[in-house]
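Engineer: I am attaching a structure below and will ask some questions about it afterwards.
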C-alpha cells in the first residue's frame with residue numbers, strides 16, 4: 002500500500018510555531034513552592050523485604066517491634082531464595098500431602114493408631130502449606146521494583162498507618178546526591194501538575210541495612226508501564242490509532258506541564274510512563290533521574306546547565322541531536338515523545354536493527370545519523386528501507402507523525418514546542434475515535 006500523505010485535516014501551523022526559551026509563560030517560579038519544605042505528615046513506611054522502616058525519625062520511633070513480627074517468616078523465606086524458593090517448598094509440601102492422602106486411602110483397614118499417625122502427618126502438612134501460601138503472598142509483594150534512574154534500588158513498601166503501598170528509592174549517602182536532585186525536580190513538576198506526576202511523600206537521610214543512605218518515598222503507580230501494557234495486550238505489535246491518539250494528547254499535555262517549570266525530562270520512554278489507579282487510570286511520567294533544570298533563579302541557560310559530553314537517555318528513544326553530542330533541550334523531549342508514540346503504534350522503530358545487531362556496543366554517532374535520516378512520518382513508522390505501510394497503518398498515521406516530527410526538527414536549541422498546535426494535530430489524528438476505554442482496559 003503506497004500512501005501519499007495529505008495535511009488537509011491538520012490545523013495550520015504558524016510560520017514560527019516555537020516560542021523563546023525565555024518566554025514569560027515559562028517563568029512560573031514553581032521552585033518557590035518547593036522551598037516551603039516537606040509536609041508535616043509523620044508517616045513511616047516498611048520495606049518488608051529489607052525488614053526496614055523509612056521515613057521521619059519521629060514516625061520510625063513510634064513504630065513498635067511488634068509490627069515486625071508478622072514479617073519475620075517471609076523475611077526468613079526470602080533469605081533462602083525469594084519467591085522461587087517459597088514456590089519450590091510449597092510444591093514439595095503439596096506432593097507430600099498427596100502422598101499421605103494416597104497412603105491413607107490404601108490403608109483403610111490399618112490399625113487405629115497407624116491411621117491416627119497418618120492423619121496427624123496430613124494435618125501438619127496442611128498447616129505448613131497454609132503458612133507457605135501466606136509467605137508466598139507476602140513475598141510476591143516485596144521484591145525490588147527495579148533500578149532507579151538516579152541510581153540505587155527501588156523497593157515496594159507500605160504506609161504503616163494506612164497500609165497504602167508506595168515506592169521507595171534508596172541510594173548510598175556518599176558524594177553528590179543524584180536522588181536529592183531527582184526529589185527536588187519531582188516535587189517541582191508535581192506542584193505544577195499533580196495529575197501528571199507522582200507525589201513525593203518523604204525525602205531524608207537514615208541508615209538502611211546499616212548503610213548511611215538517602216531515601217525518597219513516592220506514590221506507587223501500580224497500573225503498569227506503557228511498555229508492560231503493550232507487551233501484555235498486543236504482544237508488542239502496537240496499539241490501535243485510537244489508543245495512540247489519546248496517548249498523544251496526554252503526553253503532549255504532560256510535556257507542556259514539565260517544560261512550563263523549565264524541566265527537561267531527558268529519558269522519556271514507555272518504561273517511564275506508568276498508569277495510576279488515581280485520576281481515572283491515566284498515564285503519569287516518572288523517573289527524573291536524568292532531568293535537567295533551567296532555573297531562572299540562577300540564570301541557568303542551555304549553555305551552562307548541560308554539559309555537551311553528558312549523554313542522556315535511552316538509545317532507542319533518545320533524539321538524533323542528543324546522539325550526535327548536542328546539549329539536551331526541550332526539543333529533544335518532544336522527539337523522544339514522538340519516537341515513543343511511533344513505537345507504541347508499530348511495536349518497533351526503524352533503528353531497532355541497528356541497536357539489536359550491535360552486539361552490546363552501539364556507536365551513538367552512527368545511530369544519530371540513522372535517526373536523522375528518518376525525516377518523514379512514513380519513514381518513522383515503516384522498517385528501515387521500506388516504502389510501503391503495513392496493513393495495520395494508514396494515511397492518518399503518516400500525516401500525524403510527519404507533522405510532529407517536522408515540528409520537532411524545526412525547533413532551535415532555545416525554542417520550546419508549540420503545545421497548543423501539537424494538541425490540535427493530535428485531535429485531528431483522533432478523528433473518528435470515540436471515548437471508549439484504552440485497549441488495556443478490556444484485558
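Residue numbers (the working numbering): 2 to 444. No residue lacks a Cβ here, since even glycine has one placed at the ideal position from N, Cα and C.
Rounded to whole angstroms, what is the Cα-Cα separation between residue 193 and residue 262?
Structural biologist: 7 Å
Engineer: With 16 other CB atoms within 10 Å as the buried threshold, where does residue 419 fall?
Structural biologist: A buried status is given to residue 419, since no fewer than 16 other beta-carbon atoms sit within 10 Å of its beta-carbon.
Engineer: Let me check understanding here. Comparing Cα to Cα, which of 351, 259, 379 and 434 lies closest to residue 316?
Structural biologist: Answer by Cα proximity: 351.
Engineer: Assuming residue 424 and residue 295 make a contact with CB atoms under 8 Å, what is their CB distance in whole Å?
Structural biologist: Going by Cβ atoms, the distance from residue 424 to residue 295 rounds to 23 Å, so no, they are not a contact pair.
Engineer: Three or more C-beta pairs under 8 Å: does that hold for the stretch 375-384 against the stretch 428-441?
Structural biologist: no
Engineer: Buried or exposed: which applies to residue 239, given that a residue is buried once 16 or more other Cβ atoms fall within 10 Å of its Cβ?
Structural biologist: buried
Engineer: Looking at residue 235 and residue 440, is the spacing between their C-beta atoms short of 9 Å?
Structural biologist: yes
Engineer: Is it true that the stretch 209-220 meets the stretch 361-370, where meeting means three or more beta-carbon pairs spaced less than 8 Å apart?
Structural biologist: no
Engineer: By alpha-carbon positions, which one of 218, 117, 197 and 176 ends up nearest to residue 43?
Structural biologist: 218
Engineer: Measuring straight from C-alpha to C-alpha, what distance separates residue 190 and residue 403?
Structural biologist: Here the C-alpha atom of residue 190 lies approximately 29 Å from the C-alpha atom of residue 403.
Engineer: Would you tell me roughly how many angstroms separate the C-alpha atoms of residue 161 and residue 209, rounded to the nearest one?
Structural biologist: 17 Å
Engineer: How far does the alpha helix (DSSP H) with residue 232 in it reach, from first residue to last?
Structural biologist: Membership of residue 232 in the alpha helix (DSSP H) is indicated by the continuous run 227-235.
Engineer: Residues in the same chain with beta-carbon distance under 8 Å from residue 159, minus the five sequence neighbours each way, listed in chain order, please.
Structural biologist: 46, 47, 49, 165, 166 and 167
Engineer: Per DSSP, which one or two residues make a beta bridge with residue 294?
Structural biologist: 264
Engineer: Cα-Cα, which of 123, 112, 156 and 110 is closest to residue 100?
Structural biologist: It is 123.
Engineer: How would you write the range of the beta strand (DSSP E) that residue 156 sits in, first residue to last?
Structural biologist: 154-160
Engineer: What is the rounded straight-line gap between the Cα of residue 222 and the Cα of residue 421?
Structural biologist: 28 Å
Engineer: Kindly list the residues whose CB is nearer than 8 Å to the CB of residue 348, restricted to its own chain and excluding five residues on each side of it in sequence; keep chain order.
Structural biologist: 231, 235, 237, 238 and 239
Engineer: Helix, strand or coil: which one does DSSP assign to residue 213?
Structural biologist: strand
Engineer: Measure from the alpha carbon of residue 185 to the alpha carbon of each residue in 176, 174 and 202, then state which is nearest.
Structural biologist: 202
Engineer: Enumerate in chain order the residues of its own chain whose CB-to-CB distance from residue 129 is below 7 Å, with the five nearest sequence positions on each side excluded.
Structural biologist: 94
Engineer: Which stretch, first to last residue, makes up the alpha helix (DSSP H) that contains residue 316?
Structural biologist: Looking at the DSSP string, residue 316 is not in any alpha helix (DSSP H), and its letter there is neither H nor E.
Engineer: For residue 255, collect the residues of the same chain with a Cβ closer than 7 Å to its Cβ; drop the 5 residues on either side in sequence, then sort them by chain order.
Structural biologist: 197 and 286
Engineer: Using the Cα positions of residue 245 and residue 371, report the straight-line distance between them to the nearest angstrom.
Structural biologist: 24 Å
Engineer: Over the uninterrupted alpha helix (DSSP H) stretch that includes residue 170, give me the two end residues.
Structural biologist: Here residue 170 belongs to no alpha helix (DSSP H); instead the beta strand (DSSP E) covers 166-173.
Engineer: From this set, 183, 320, 90 and 182, which residue's C-alpha is nearest residue 375's C-alpha?
Structural biologist: 320
Engineer: Does DSSP put residue 47 in a helix, in a strand, or in coil?
Structural biologist: DSSP places residue 47 in strand when its eight states are reduced to three.
Engineer: Could you give the DSSP three-state label for residue 203: helix, strand or coil?
Structural biologist: strand
Engineer: Could you check whether residue 354 and residue 275 sit closer than 9 Å to each other, using their CB atoms as the reference points?
Structural biologist: no
Engineer: Going by C-alpha to C-alpha distance, which of 250, 187 and 163 sits closest to residue 266?
Structural biologist: 187
Engineer: For the alpha helix (DSSP H) that contains residue 363, what are its first and last residues?
Structural biologist: No alpha helix (DSSP H) contains residue 363, which DSSP labels as neither H nor E.
Engineer: Would you mind giving the Cβ-Cβ distance between residue 259 and residue 434, rounded to the nearest angstrom? I have them listed as a contact below 8 Å.
Structural biologist: The pair is not a contact, with the Cβ atoms about 25 Å apart (cut-off 8 Å).
Engineer: Which of helix, strand or coil does DSSP assign to residue 275?
Structural biologist: strand
Engineer: Which residue from 127, 417 and 383 puts its Cα closest to that of residue 336?
Structural biologist: 417
Engineer: I'd like to know whether the C-beta atoms of residue 291 and residue 268 end up nearer to each other than 9 Å.
Structural biologist: Cβ atoms of residue 291 and residue 268: closer than 9 Å.
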